[in-house]
Amino acid sequence: MSGYSEDEKLRLQQLRALRRRWLRDQELSEREPVLPPRRPGPVAAFWERFLQPGGLWRHQLFKAYETGGFVLTRVLVPAWIILYYLKYHVMKTPHGVVMSNPRIFPGDRILETGEIIPPLKDEPDEHH
261 MSGYSEDEKL RLQQLRALRR RWLRDQELSE REPVLPPRRP GPVAAFWERF
311 LQPGGLWRHQ LFKAYETGGF VLTRVLVPAW IILYYLKYHV MKTPHGVVMS
361 NPRIFPGDRI LETGEIIPPL KDEPDEHH
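First residue of the sequence shown? That's 261 in the numbering used here, and the numbers climb one at a time after it.
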């Protein structure tokens with residue numbers, strides 16, 4: 261016996277028809293998907309109204325954004341670069357850098373008071 265029996269052929273035909281019907285059912289019509297009405301929260305509703313084209317606030321915000329970008333890129337960053345170069349490469353004593361006092365050794369005279377620094381005490385041979 262070769263090939264399918266009549267019952268097997270009928271079963272395969274029915275399965276093919278079911279698969280075709282199932283695939284056709286997966287296609288969406290123009291009315292699908294049916295979604296519930298969207299109700300955004302107060303913040304999302306504000307931003308949807310705020311970002312609609314042609315609004316006055318949107319225009320003012322865009323102008324402020326452009327001005328801020330211009331000031332940052334054309335004024336603040338170049339000023340910072342120039343200040344950095346002057347502070348660390350040109351000035352002899354940069355602003356904010358504290359110069360350390362000269363070293364004082366035993367026997368030296370303090371100029372302000374005229375006091376002489378006494379010699380250090382001799383330490384015994386013991387450790388700590």
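Glycine included, C-beta positions come from ideal geometry on N, C-alpha and C.
In this text the structure is predicted, and so the values were computed from the model without any measurement.
By a beta-carbon distance limit of 8 Å, Pro362 does not contact Ile377. Their separation comes to about 12 Å. If only uninterrupted alpha helix (DSSP H) runs of at least 4 residues are considered, those enclosed by the stretch 305-366 are 316-331, 337-345. Listed in chain order, the non-local C-beta contacts of Arg318 below 8 Å within the same chain comprise Phe310, Leu311, Gln312, local neighbours out to five positions each way being set aside. Between Tyr264 and Leu272, the CB-CB gap stays under 8 Å.
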